[in-house]
Structures are given as structure tokens and as C-alpha cells.
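S.K.: Residue numbers (this note's numbering): 2 to 163. We put the CB at the ideal spot given by N, CA and C, even for glycine. Below is the structure I would like to discuss, written out as C-alpha cells.
In C-alpha cells form, the structure reads like this:
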């Protein structure tokens, strides 16, 4: 009886390379894709930052506190973090380890920036209360007694009840 491997065509090293999946990157393609994706995301992030800064720092009709002005940067950063997170899952499942790993770091950095932006936008609980009240001592009571009719001093009148 023959061994089952001996029936396969080709040499053993050819059979091993044929068994390997074709979706795995070869050579320097994986690190190159990682760098290209990070540069593309950095350019997209810079453009987004420019749009957010121009919109929130100098609104056309004066300062405004609308929902988009306050939470717009946080929502934009969180939405931008979804793209590298999805790319990371796809790349890592297809064994593009460098590119997928870099996308994990980019997604984590964007999530951290979104959380920092949300923490910065948290309202101050003391802002609506106004200034702290100042406690002023009440003046000493001044009791103006009626003039003393007996012609004595103020002590004599105070004792007499007049």
C-alpha cells in the first residue's frame, strides 16, 4: 500500500506552497499597506480637524451653543474611529498583521480622542448657580430710646422703663 502523500503531484515544497492561502500578503506588501492606510487616515483626520475648527472656533453668526457645535467634534471623531476599526477586523482576519495592527492603534487613538472631547464638553455643574453668595454680618441693632424726661442720664432712663 502506498502512502497518501505520495499520490499528490509535485514535490513536497510545492504542495506546501499550494496549501497556503493566497490571501496572505507576500514580501513587504503588508507593511506598505499599513503605511499607506495610516497616511490616508491622517490626511482625512487633518481635513476633518480643519472643518471642525473652522466651524466651532468662528461660527458665522456669533458664538452658539447648539448640539452640533458642542458635540460635533466628539461625534465626528467617534464616527471616524469606526472606519479603521472595521478595516482592522477585515485585515486581521485575512492575515494582514502589520496593516491590521496599525489600524487597531489608529482606531484606539481616535476613540481616546473622542472620549477626551466628550469629557471636555461635560457641563460644569456649578456654572448655572452664579456667583457664591456673600454673607454680610447684620448690623448691630440700634435701639433709639426716647429722651429721658427726668433730666437724668441714659442709664437712669433705661432702668425706669421710660
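1) State the DSSP-derived secondary structure class of residue 137, mapped to helix, strand or coil.
2) Going by other Cβ atoms of all chains shown within 10 Å of its Cβ, with 16 needed for buried, is residue 101 buried or exposed?
3) For residue 72, does the three-state DSSP call read helix, strand or coil?
4) For the alpha helix (DSSP H) containing residue 102, name the first residue and the last one.
5) What's the gap between the Cα of residue 35 and the Cα of residue 71?
6) Tell me which same chain residues have a C-beta within less than 6 Å of the C-beta of residue 94, skipping the five on either side of it?
7) My understanding is that residue 51 touches residue 77, with C-beta atoms under 8 Å, so please give their C-beta distance in whole angstroms.
8) Please report how far the alpha carbon of residue 103 lies from the alpha carbon of residue 56, in whole angstroms.
9) Taking 9 Å as the cut-off, decide whether the C-beta atoms of residue 75 and residue 119 are in contact.
10) Would DSSP call residue 87 helix, strand or coil?
11) Are residue 105 and residue 82 close, meaning C-beta to C-beta below 9 Å?
M.R.: So, from the data block:
1) coil
2) buried
3) helix
4) 98-121
5) 33 Å
6) none
7) About 12 Å; that fails the 8 Å criterion.
8) 30 Å
9) yes
10) helix
11) no
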